[in-house]
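Colleague: Quick one: structure below, then a few questions.
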Amino acid sequence: MAATYRDHYFGHDEIRGFSNAGEYPISIVNKYENVTLPADFTFIEKSILREGVVRADPEFRVGCKCKHQKCHGSSCHCLEDVEVTSGLTEEDRCAYISSGSSQGCLKPALAESVAPIYECHEACACDETCDNRIVARGRKIPLQIFHTETRGWGVRSKFPIKAGAFIDCYIGEIITSEEANKRRGASIISERKDLYLFDLDKFTDKDSLDETLRGDPYVIDGEFFSGPSRFFNHSCEPNMRIFARVGDYSEKNLHDLAFFATEDIRPMTELTFDYVDGKDDGQQGSERCLCGAKSCRGWLW
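This is the structure we're talking about:
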């Protein structure tokens, strides 16, 4: 058993050098002998842009002019595109609760929304304490990667997590759609490869005025390079959801995929999300679901 623990930390000691490792560490535990994380997997803190992925020219980056931490209303440039729906007003378009015990958590009315989250960013006049920089400030929850009994590796936290809390982003290699198709073709089981491929297609629109949104979307591949979110498992009764998060408007095609808690989560409870976000065509698929939830659909796809 001791050898197994050594393999984890000598093989993946990069997690000890993360910028938030001291206050919000990532730990790896396993009660099964001789089972370690994939040897060809490397932990990273930020996504890696591969060939063909182009960032916006810095001169096109525009931030808000708010010189205080209350970036809430339509006067904030970063919130101009926010649709005022249930839970939001013209005076308060920020997605997050700004005071009280749930400060920084997603507003309850947005928990089931498919709307993107717009945040302030590096080009803004507001500082890092701005209410509208939750994802931008990074993960603030210690996470533990552990080996489940039936579904490989999973993730949990030793600490309680409030409903609406930001947990982490899905990161990896950002590649072109063409490269993603090549990697699918090279994989022994293409469906398994799809477990790690996430299209950045929230804003893809062939009629968009923004030429970067008219073509095929970029794709995040987290199979070999990623963070702890790479090990989040599926559940038909999940306790997290993914939201598209936008910083600078000029890079909507490179938006973040941010995980938020959809309910209060007790310590040591596995963190899960729905791989197909509740979509069920009622057909028997090729990949059986092992989530064990009472409402399990039986198949992933």
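Position 168 (the sequence shown) corresponds to 179 in the working numbering; numbering is contiguous. Note that beta-carbon positions come from the ideal geometry of N, C-alpha and C, so glycine has one too.
State the beta-bridge partners of M251 as determined by DSSP.
Modeller: A272
Colleague: Could you check which residue in E133, G98 and A134 has the C-alpha nearest to that of E123?
Modeller: Put simply, of E133, G98 and A134 the residue whose alpha carbon is nearest the alpha carbon of E123 is G98.
Colleague: Opposite Y260 in the DSSP bridges: which residues?
Modeller: DSSP lists no partner for Y260.
Colleague: Give me the Cα-Cα distance between L206 and K193, rounded to the nearest whole angstrom.
Modeller: One alpha carbon belongs to L206, the other to K193, and they sit about 15 angstroms apart.
Colleague: Within the same chain, show all residues whose beta-carbon is closer than 6 angstroms to that of A14, passing over the 5 residues directly before and after it, in chain order.
Modeller: In this prediction, A14 scores a pLDDT of 48, lower than 50, which makes its location untrustworthy; the coordinate-derived value is nonetheless stated afterwards. Around A14: no qualifying Cβ.
Colleague: So S188 is in the alpha helix (DSSP H); what residue range does that whole segment cover?
Modeller: S188 to A197
Colleague: Rounded to whole angstroms, what is the Cα-Cα separation between Q114 and F177?
Modeller: 11 angstroms
Colleague: With a threshold of 16 other CB atoms inside 10 Å of the CB of S313, please say whether the residue is buried or exposed.
Modeller: Here the chain comprises residues numbered 12 to 312, so residue 313 is not present and cannot be evaluated.
Colleague: For E91, does the count of other Cβ atoms within 10 angstroms reach 16, so buried, or fall short, so exposed?
Modeller: exposed
Colleague: Look at the alpha carbon of I55 and the alpha carbon of H83, and state the distance between them as a whole number of angstroms.
Modeller: Those two C-alpha atoms are separated by around 32 angstroms.
Colleague: Apart from the five residues on each side of it in sequence, which residues of its chain come closer than 8 angstroms, Cβ to Cβ, to M251?
Modeller: I178, F243, F270, F271, A272, T273, L282, T283 and F284
Colleague: Let me see if you follow: with CB-CB separation under 9 angstroms, is G175 close to chain C or not?
Modeller: Given the protein chain composition of this structure (a single chain), no chain C is represented.
Colleague: Using only CA atoms, which one of S219, L224 and E184 lies nearest to L208?
Modeller: E184
Colleague: Throw me the rounded Cβ distance for the F254 and P127 pair, which I believe falls under 8 angstroms.
Modeller: 7 angstroms
Colleague: Can you check which of these residues, C105, R72 and I59, is closest to K81 by C-alpha distance?
Modeller: C105
Colleague: Pick out whichever of S38, A304 and E101 has its Cα sitting closest to the Cα of S168.
Modeller: S38
Colleague: Assuming contact is defined by CB atoms lying nearer than 9 angstroms, are E336 and G258 in contact in what I supplied?
Modeller: The displayed coordinates of the chain run from 12 to 312. Any statement about residue 336 would go beyond what the structure contains.
Colleague: If you measure between the beta carbons of T161 and L265, is that distance less than 9 angstroms?
Modeller: no
Colleague: Please say whether C89 and N143 have beta carbons closer to each other than 9 angstroms?
Modeller: yes
Colleague: Counting only the same chain and skipping the five closest in sequence on each side, list residues whose C-beta sits under 7 angstroms from that of Y35.
Modeller: Only R150, K151, I152 and P153 meet the Cβ criterion.
Colleague: From the DSSP output, in three-state form, read off T223 for me.
Modeller: Three-state result, T223: helix.
Colleague: Classify D232: buried if its beta carbon has 16 or more other beta carbons within 10 angstroms, exposed otherwise.
Modeller: buried
Colleague: Whose C-beta lies closer than 7 angstroms to the C-beta of K173 among residues of the same chain, with five residues either side of it excluded?
Modeller: S113, C116, A272 and D275
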